[in-house]
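**Student:** From first to last, the protein sequence lines are chains A and B. Residue numbers for the first sequence follow this note's numbering, so the first one is 2 and each next one is one higher. Residue numbers for the second sequence follow this note's numbering, so the first one is 2 and each next one is one higher.
There are 2 protein chains.
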Amino acid sequence: MVSSQEGLGRSEKINDIISAAQIRFGLYGIEKTSMQEISSDLNMSKGSLYYYFPDKEHLYKAVVEKEQSEFISILNEKINQIDDPVLLLEEYVKTRLVYFRSLMNLSRLRLESYSEIRPLISDVLIKFRKNEKEIIMNIFRDGNEKKIFKIEDIDETASLFLDLLRGLRVTMINKMKLLYIGQEEYDMIMKKTISFTNIFIKGLKYR
Amino acid sequence: MVSSQEGLGRSEKINDIISAAQIRFGLYGIEKTSMQEISSDLNMSKGSLYYYFPDKEHLYKAVVEKEQSEFISILNEKINQIDDPVLLLEEYVKTRLVYFRSLMNLSRLRLESYSEIRPLISDVLIKFRKNEKEIIMNIFRDGNEKKIFKIEDIDETASLFLDLLRGLRVTMINKMKLLYIGQEEYDMIMKKTISFTNIFIKGLKYR
Numbered sequence: 002m003v004s005s006q007e008g009l010g011r012s013e014k015i016n017d018i019i020s021a022a023q024i025r026f027g028l029y030g031i032e033k034t035s036m037q038e039i040s041s042d043l044n045m046s047k048g049s050l051y052y053y054f055p056d057k058e059h060l061y062k063a064v065v066e067k068e069q070s071e072f073i074s075i076l077n078e079k080i081n082q083i084d085d086p087v088l089l090l091e092e093y094v095k096t097r098l099v100y101f102r103s104l105m106n107l108s109r110l111r112l113e114s115y116s117e118i119r120p121l122i123s124d125v126l127i128k129f130r131k132n133e134k135e136i137i138m139n140i141f142r143d144g145n146e147k148k149i150f151k152i153e154d155i156d157e158t159a160s161l162f163l164d165l166l167r168g169l170r171v172t173m174i175n176k177m178k179l180l181y182i183g184q185e186e187y188d189m190i191m192k193k194t195i196s197f198t199n200i201f202i203k204g205l206k207y208r
Numbered sequence: 002m003v004s005s006q007e008g009l010g011r012s013e014k015i016n017d018i019i020s021a022a023q024i025r026f027g028l029y030g031i032e033k034t035s036m037q038e039i040s041s042d043l044n045m046s047k048g049s050l051y052y053y054f055p056d057k058e059h060l061y062k063a064v065v066e067k068e069q070s071e072f073i074s075i076l077n078e079k080i081n082q083i084d085d086p087v088l089l090l091e092e093y094v095k096t097r098l099v100y101f102r103s104l105m106n107l108s109r110l111r112l113e114s115y116s117e118i119r120p121l122i123s124d125v126l127i128k129f130r131k132n133e134k135e136i137i138m139n140i141f142r143d144g145n146e147k148k149i150f151k152i153e154d155i156d157e158t159a160s161l162f163l164d165l166l167r168g169l170r171v172t173m174i175n176k177m178k179l180l181y182i183g184q185e186e187y188d189m190i191m192k193k194t195i196s197f198t199n200i201f202i203k204g205l206k207y208r
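1) Taking the alpha helix (DSSP H) that MET191/A belongs to, which residues open and close that run?
2) What residue does the alpha helix (DSSP H) around ARG97/A start on, and which one ends it?
3) I need the DSSP call for LEU76/B, collapsed to helix, strand or coil.
4) Pull out every residue of the stretch 161–180 of chain B whose Cβ sits closer than 7 angstroms to any Cβ of chain A, in chain order.
5) Answer yes or no: does any C-beta atom of chain B fall closer than 8 angstroms to that of LYS151/A?
6) Please confirm whether PHE197/B has its beta-carbon closer than 8 angstroms to some beta-carbon of chain A.
7) If the criterion is Cβ atoms closer than 8 angstroms, does the pair LEU180/A and ILE174/A meet it?
8) Would you please verify whether the beta carbon of LYS14/A is less than 8 angstroms from any beta carbon of chain B?
9) Quick check on MET105/B: buried or exposed, where buried means 16 or more other Cβ atoms within 10 Å of its Cβ?
10) Quick check on ALA21/B: buried or exposed, where buried means 16 or more other Cβ atoms within 10 Å of its Cβ?
11) In the DSSP assignment, find the alpha helix (DSSP H) that holds LEU165/A and state where it starts and stops.
12) Under the DSSP definition of a beta bridge, which residues are partnered with PHE150/B?
13) Counting only Cβ pairs nearer than 8 angstroms, list the residues of chain C close to PHE201/A.
14) Does any residue of chain B bring its CB to less than 8 angstroms from the CB of GLU157/A?
15) Is MET2/B helix, strand or coil when you go by DSSP?
16) Alpha carbon to alpha carbon, what distance is there between PHE201/B and ILE200/A?
17) Starting from ASP42/A, trace the alpha helix (DSSP H) both ways and give me its first and last residue.
18) Which two residues bound the contiguous alpha helix (DSSP H) that contains TYR51/B?
19) Name the residue from LYS178/B, ASP56/B and ILE24/B whose alpha carbon lies nearest to the alpha carbon of ASP42/B.
20) If the cut-off is 7 angstroms on Cβ atoms, which residues from the stretch 20–52 of chain B count as contacting chain A, listed in chain order?
21) Who are the near neighbours of LYS163/A in its chain, counting only those whose CB is closer than 7 angstroms to its CB and skipping five residues on each side?
22) DSSP puts LEU179/B in a beta bridge; with which residues?
23) Is it the case that the Cβ atoms of LEU98/A and THR194/A are separated by a distance below 8 angstroms?
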């Protein structure tokens, strides 16, 4: 079973690399992190690192994917624990912002550089948005069934809700030169997001 | 009274120039319009045009200001005609999108060029946003007094409402290469904006 053991070793190595990169990117951003530093953190030669990831951008993409799946599993855990669709939506928007902040701080890019790196992760983002919409649609559907919400077009309203949340994030980001979310920006966007969610949820209610 | 007549002639001339530029910019965008073309439209020498406006950017700024004050007066007319704050908000969001479309199509810029021209009109935009917020706050206040709305923080909720509307516009624009709002994009953003406004208004209601 050598080949299977080799396979396991390989995927463990890849996970270690991604975790090390996740820490480095989170602390210093993608631009200020070198492949050399990541390989040093792992006591690995630079050549070995390049064997697994052809460049820093591919490694960045892998970290983004990891953070996305972490977000989705935290969310699924909450979905299993929480029965009330209103509470669930509130939990969703908060968790979503934690993830947003972490994602932004991973890149810590100037706005111009972000538009360069974005195409690289666009397929990852598209997949993520699909997942996210499914989750929101399920919460809406559940709320309709429980006669808590009265939503006519579940699909459209889920897109609208996500667009509005994204809009709040994007308008904030557009004011920034460096894509780094400090505590002040985070508190501000959190406050706005929660106010919005409360009004929106009230607007969806059955009565 | 020679000096007063001269003054009048000057401001009439300036208005003529701004109107001609408004038409040209609206049809072809700022980049594809030359000062030569605007002066030809007016049977004016290029030199005379430059006497009134030192460059195309200053003329663009004047056109933006004109469109803004047109928007504000249309809005004030509606405010005088319509008593119901709910109807008024609906009218506001629709009129705001008409103005947005017209403003975007005036510049018809690539997204990169817009970030260059934006600083030029930033003071105009700040003044406009202040006006806009005042108008929304007044509608909210009126709704509270009429026991149609129950809004705790008028100031914050007005900012939030405007941020959310802006967010819908910005997320749409961010997908575009050229800042030109065709019928399809317009219909799409109008639909989203109206759905959002209906839910948001319901969320503000007194009950």
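Glycine included, each C-beta is placed from N, C-alpha and C at the ideal position. Since we're looking at a predicted model, the values are computed, not measured.
**Tutor:** Reading it off the structure:
1) Under the DSSP assignment, MET191/A falls in the alpha helix (DSSP H) whose first and last residues are 184–205.
2) Under the DSSP assignment, ARG97/A falls in the alpha helix (DSSP H) whose first and last residues are 86–108.
3) Three-state DSSP puts LEU76/B in a helix.
4) Taken in chain order, the members of the stretch 161–180 of chain B whose beta-carbon sits within less than 7 angstroms of a beta-carbon on chain A are LEU161, ASP164, LEU165, ARG167, GLY168, LEU169, VAL171, THR172 and ASN175.
5) No, LYS151/A does not count as interfacial toward chain B.
6) It does; some Cβ of chain A falls within 8 angstroms.
7) In this structure, ILE174/A lies closer than 8 angstroms to LEU180/A by Cβ.
8) By this cut-off, LYS14/A is not an interface position.
9) For MET105/B, the number of other beta carbons within 10 angstroms of its own is at least 16, and it is reported as buried.
10) Classification for ALA21/B: buried.
11) For LEU165/A, the uninterrupted alpha helix (DSSP H) run begins and ends at 155–175, by DSSP.
12) Bridge partners of PHE150/B: LYS206/B.
13) As a matter of chain content, chain C is missing from the structure shown, whose protein chains are A and B.
14) For GLU157/A, the answer is yes, since a Cβ of chain B falls inside 8 angstroms of its Cβ.
15) Since pLDDT at MET2/B reaches only 39, below the 50 mark, its modelled position is unreliable, and no value is offered.
16) Near 6 angstroms, if we compare the C-alpha coordinates of PHE201/B and ILE200/A.
17) From DSSP, the alpha helix (DSSP H) with ASP42/A extends over 36–42.
18) Counting along the chain, the alpha helix (DSSP H) containing TYR51/B begins and ends at 47–53.
19) Among LYS178/B, ASP56/B and ILE24/B, the Cα nearest to that of ASP42/B is on ILE24/B.
20) Sequence-ordered contacts of the stretch 20–52 of chain B with chain A are nonexistent [C-beta pairs closer than 7 angstroms].
21) The question names Lys, but residue 163/A in the sequence shown is Leu. Result list for LEU163/A: GLU133, LYS134 and ILE137, in chain order.
22) Answer by DSSP bridge pairing, in chain order: ARG111/B.
23) Yes, these two residues count as a Cβ contact at 8 angstroms.
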